[in-house]
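Residue numbers (my numbering): 371 to 792.
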């Protein structure tokens, strides 16, 4: 019990030149001190910090921190001190929060561009999204450098990475089509995923120690990154379909040209999602075979990954075989959001399986609300086209007669045959 006291590993190991990761918490240090009758010097610094903090003596607390800093430098812990400084900068800069604000600004610019067709506003939205992506990328690189790991190691980092991949796909679409739709997708997915990550960060340390089965940079850099890019693409396709449906039902802006462009976007992104989801699922099976001795065990996470592949294949076959109408294809892509959210997030909250991180009531509530919102959009997609404003036939308006047209002034008696005259 005592050895579990004070989770942070604050006591450095005795041999920094040989094992730089052999740090222990305060509880383990006290247990060792009880057996060896020797209290580690860092414990004295932390005791002084604790006493000063409780007494409200800021100067004494700062002095204890400075003494501990000098002690670390004097005992060959300069790399750890430098890394701590970079982590301090990372936490103070709050790059993901800044990106979140910029994504919202880019989203607003893209929406305004839809109404007034101003090229300057469209370019401003793209510029804001690019700046947000640069800060987003810098945050990812900082996390990788601090952890010494690939970008995705837990649910928090997966939300960060899914948003990053979605923004890149959205900006590629904007580069190809230049109609503001790509910027809307980039801003919407970037902001949403960073909000999810922000709420996940409230549960504790976002750079936690990895479980033993995850302690492999090779599979984290291959299977996890590839399958997460598949999630990103599936969400982008789903949100493009949401834009298609909402724009068609509530506005007159879904012209035949805009409908064709959105349809091509959804199709292309789903092809990308299918490829990465399939390859990522196969790589996950190989990793499972090396870790647990079987390629496939019908684990909830494995089933979720398979569902994404099968659902994307269903969309592709429906399009290639002309089995599904355009509306049905959009509804299918939107339901892909539900499946992807379940595979990415829902399976981790079931409380069963090898990928379970424990049930979270708050997260489960938001997942259900997200699914309901997507089902509501699908319900709109199933409305007959006469209820879609973009496809509704305009009411005929009477036209005045032209100059070449003269009204028929004949009476009914004029239409009767004339009697013959002798």
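Every residue gets a Cβ at the ideal spot worked out from N, C-alpha and C, and that includes glycine. Here the structure is a predicted model, which is why all the values come from computation and not from measurement.
Checklist entry - Can you give the Cα-Cα distance for residue 603 and residue 539, rounded to whole angstroms? => result 7 Å
Checklist entry - In the DSSP assignment, what are the bridge partners of residue 394? => result 381
Checklist entry - Of all the alpha helix (DSSP H) runs that stay within the bounds of the region 519-573, which reach a length of 4 or more residues? => result 525-547, 551-571
Checklist entry - Leaving out the 5 sequence neighbours to the left and right, which residues in its chain are closer than 6 Å to residue 412 when beta-carbon positions are compared? => result 381
Next on the checklist: Could you check whether the region 436-449 touches the region 526-535, counting it as contact only if at least three pairs of C-beta atoms, one from each stretch, sit closer than 8 Å?
Outcome noted: no
Checklist entry - Pairing CB atoms from the region 646-660 with CB atoms from the region 592-599, are three or more of them under 8 Å? => result yes
Item to check | CB of residue 522 within 7 Å of CB of residue 594, strictly | outcome: yes
Item to check | Residues near residue 519 in its chain [Cβ-Cβ closer than 7 Å; skip 5 each side] | outcome: 587, 590
Checklist entry - Which one of 625, 517, 482, 513 has the shortest CA to CA distance from residue 759? => result 625
Checklist entry - Helix, strand or coil for residue 741 per DSSP? => result helix
Item to check | Residue burial classification, residue 670 (beta-carbon count within 10 angstroms, cutoff 16) | outcome: buried
Next on the checklist: Which of the three DSSP states is assigned to residue 728 in this structure?
Outcome noted: With a pLDDT of 49 at residue 728, under the threshold of 50, the modelled position of this residue cannot be trusted; read the value that follows with caution. The answer is coil: DSSP assigns residue 728 none of H, G, I, E or B.
Item to check | Own chain, CB closer than 6 Å to residue 708, minus 5 neighbours either side, in chain order | outcome: 741, 744
Checklist entry - In chain order, what residues of the same chain lie with their CB nearer than 7 Å to the CB of residue 781, ignoring the 5 residues before and after it? => result With a pLDDT of only 49 at residue 781, under the threshold of 50, the placement of this residue in the model should not be trusted, and no figure is reported.
Checklist entry - Hey, would you say residue 477 sits closer than 7 Å to residue 525, going by beta carbons? => result no
Item to check | DSSP state of residue 713 mapped onto helix, strand, coil | outcome: helix
Item to check | Per-residue DSSP class, three states only, for residue 458 | outcome: helix
Checklist entry - Excluding the five sequence neighbours on either side, which residues of its own chain have a C-beta within less than 6 Å of the C-beta of residue 482, listed in chain order? => result 491
Item to check | Inter-residue Cα distance where the pair is residue 714 and residue 674 | outcome: 8 Å
Checklist entry - Closest to residue 578 by CA distance: which of 736, 609, 517 is it? => result 517
Checklist entry - From 550, 630, 750, pick the residue whose C-alpha is nearest to that of residue 479; which is it? => result 550
Next on the checklist: If the criterion is Cβ atoms closer than 7 Å, does the pair residue 704 and residue 618 meet it?
Outcome noted: no
Checklist entry - What did DSSP end up calling residue 693 once you bin it into helix, strand or coil? => result coil
Item to check | Neighbour-count burial assignment, residue 706, 16 or more Cβ in a 10 Å radius | outcome: buried
Checklist entry - With 16 other CB atoms within 10 Å as the buried threshold, where does residue 623 fall? => result exposed
Next on the checklist: To the nearest angstrom, how far is the alpha carbon of residue 426 from that of residue 415?
Outcome noted: 16 Å
Item to check | Cβ-based burial, residue 451 [other Cβ within 10 Å; buried from 16] | outcome: exposed
Checklist entry - If you drop the 5 nearest sequence neighbours on each side, which residues of the same chain put their C-beta closer than 7 Å to that of residue 379? => result 393, 394, 395
Checklist entry - Mapping DSSP to helix, strand and coil, what is residue 666? => result coil
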